[in-house]
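As structure tokens, the structure follows; a few thoughts come after it.
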Amino acid sequence: MDFFDRLKLAAHDEWQSYVDHEFVRGMGDGTLSIEAFKAYLVQDYLFLIQFSRAYALAAYKSRTLAEITSAQESMAAILNEMQLHLRLCERWGLSAADVEATEEHVSNVAYTRYVMDCGLQGDLLDLKVALAPCVIGYAEIGKALAPADPSALDNHPYKDWIGEYSGQGYQDFAVSARAELDRMAKGVTQERFDELARIFGMASKLEANFWQMGLDLGRAAQ
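Now the structure itself:
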């Protein structure tokens, strides 16, 4: 069991509320409303702007060139991910200007600022643990939603999202993030692990709230 698995086990209920949320199940079987997905997509774009700042903070908190390079590579991956969001938004008639003019939802603010606060008050490991449910969790969700036969997604409304996060590029990114977390956490005490598990649990809970935000906004738009 690696460190990420230990965190998932310690925060089991919070983790399950995130990865098995109604929003996720709806994406998987294609029943999620387009309104809910669009609302989520716009807020997730704004979310990624804040996560880019979090990786800039990670570079500042780093003590080695390897850690700085890792933060830079993660920021580059996020910037690429944002382009996917804009392409998906444009498909439904939302321009980049429309997206960036949207106000951040309170659930978005709560999550992203929590992550930043973990990094500002704590060390690099605190920050990486707060980031982990998003960074590694999306890879696990994407892989779980991807069918064994890729052609099964041909007419799926959310094939691009599932394809992005189940794809080899993002899977490799998550594997690297997971290995880095394992190296950084080597030798932590039980007391320190308990602190990190609380951060992980809260971040997972805030991820679940983010999915719920998408559902609520989608229902309001119907």
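Numbered according to the working numbering, the sequence shown spans residues 23 to 244.
All C-beta atoms, glycine included, are put in the ideal place defined by N, C-alpha and C.
Reference residue i, options the options, closest by Cα
i, options, result
"A76", "S92, T134 and V210", "T134"
"A81", "Q65, G191 and K150", "K150"
"H107", "Q143, L70 and Q212", "L70"
"H34", "L54, I221 and A58", "I221"
"M49", "W183, A242 and L228", "W183"
"F73", "D176, L101, H127 and L110", "L101"
Close-in-space but distant-in-sequence residues of the same chain around residue i (CB under 6 Å, 5 per side omitted)
i, result
"K165", "S188"
"F265", "For the chain, the structure presents residues 23 to 244; residue 265 sits outside this window and is missing."
"P155", "A225, S226 and E229"
"L167", "G50 and I184"
"H178", "G52"
"R109", "none"
"V121", "V64, Y67 and C111"
Own chain residues within Cβ distance below 7 Å of residue i, not counting five before or after
i, result
"S92", "E202"
"R200", "D24, F26 and I158"
"W233", "H43, F45 and V46"
"A170", "none"
C-beta contact flag for residue i and residue j at 8 Å
i, j, result
"G141", "L79", "yes"
"G236", "A61", "yes"
"L54", "Y180", "yes"
"V137", "A225", "yes"
"E126", "V41", "no"
"Q244", "E57", "yes"
Euclidean distance between Cα positions of residue i and residue j
i, j, result
"N130", "T211", "32 Å"
"R28", "K208", "12 Å"
"K30", "W37", "6 Å"
"A123", "D66", "13 Å"
"I158", "A132", "20 Å"
"L147", "F195", "18 Å"
"R205", "A242", "44 Å"
"V64", "Q143", "29 Å"
"E44", "D238", "11 Å"
"G240", "E112", "18 Å"
"L175", "Q94", "33 Å"
"L116", "D216", "43 Å"
"L68", "A118", "11 Å"
"S198", "S96", "10 Å"
"R214", "A152", "14 Å"
"W114", "P172", "23 Å"
"F59", "D139", "28 Å"
"A88", "A32", "29 Å"
"A98", "V128", "26 Å"
Cutoff 8 Å; reference residue i; Cβ partners in own chain excluding five residues on either side
i, result
"E186", "E103, L106, G164 and Y192"
"S39", "S226, K227 and A230"
"I90", "A81 and S84"
"Y160", "Y187, Y192 and A196"
"D145", "K83"
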